[in-house]
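Residue numbering for the sequence shown follows this note's numbering, starting at 926 and increasing by one per position.
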Amino acid sequence: MADARRVLLCAKSEVELGAVRRFDVDGGPIALVHCTSGFRAVRDVCSHEDYPLSEGDVFAEECEIECLRHGSMFSLIDGEPQSLPATRPITVVPVEVDAEGVWAVLA
């Protein structure tokens, strides 16, 4: 990722375990989720229908998010749909965590 840039989303303490928060950054909104295994980020749009994933439920142990609109589940690790009606993956955004906070790594 030679052209990648880091965008500070928030402090680690601002997103509780099992919570999701939406951030508007250049290139579109990002949903940041705090899973049991750490922080994960995805583009905040369901691949089945243009609906914000940040409005859905988080399953912290499984590191998955459910689209509120139609109930499709997605892996926050690789973006793959875990249930229908979605059949296409969502876009995963790499994150880095340091003393300053949680950063999205944008291409």
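Glycine included, every Cβ here is placed at the ideal spot set by N, Cα and C.
Considering only residues of the region 961-1013, which uninterrupted alpha helix (DSSP H) runs meet the minimum length of 4 residues and lie entirely inside it, listed in chain order? none
Look at the alpha carbon of residue 972 and the alpha carbon of residue 994, and state the distance between them as a whole number of angstroms. Reading the sequence shown from its first residue, position 47 is the one you call residue 972. Reading the sequence shown from its first residue, position 69 is the one you call residue 994. Going by the C-alpha atoms only, they are around 11 Å apart.
Answer with buried or exposed for residue 938, where buried requires no fewer than 16 other C-beta atoms within 10 angstroms of its C-beta. Translated into positions along the sequence shown, residue 938 becomes position 13. It is exposed - the Cβ of residue 938 has fewer than 16 other Cβ atoms within 10 Å.
Rounded C-alpha distance that separates residue 1014 from residue 974: Start at 1 with the first residue of the sequence shown, and residue 1014 comes out as number 89. Start at 1 with the first residue of the sequence shown, and residue 974 comes out as number 49. If you take the alpha carbons of residue 1014 and residue 974, they lie about 12 Å apart.
Mind checking residue 966: buried by the 16 CB within 10 Å criterion, or exposed? Locating residue 966 in the sequence shown gives position 41, where the first residue counts as 1. Classification of residue 966: buried, given that the 10 Å Cβ count is 16 or more.
Is DSSP giving residue 939 helix, strand or coil here? If you number the sequence shown from 1, residue 939 lands on position 14. Helix.
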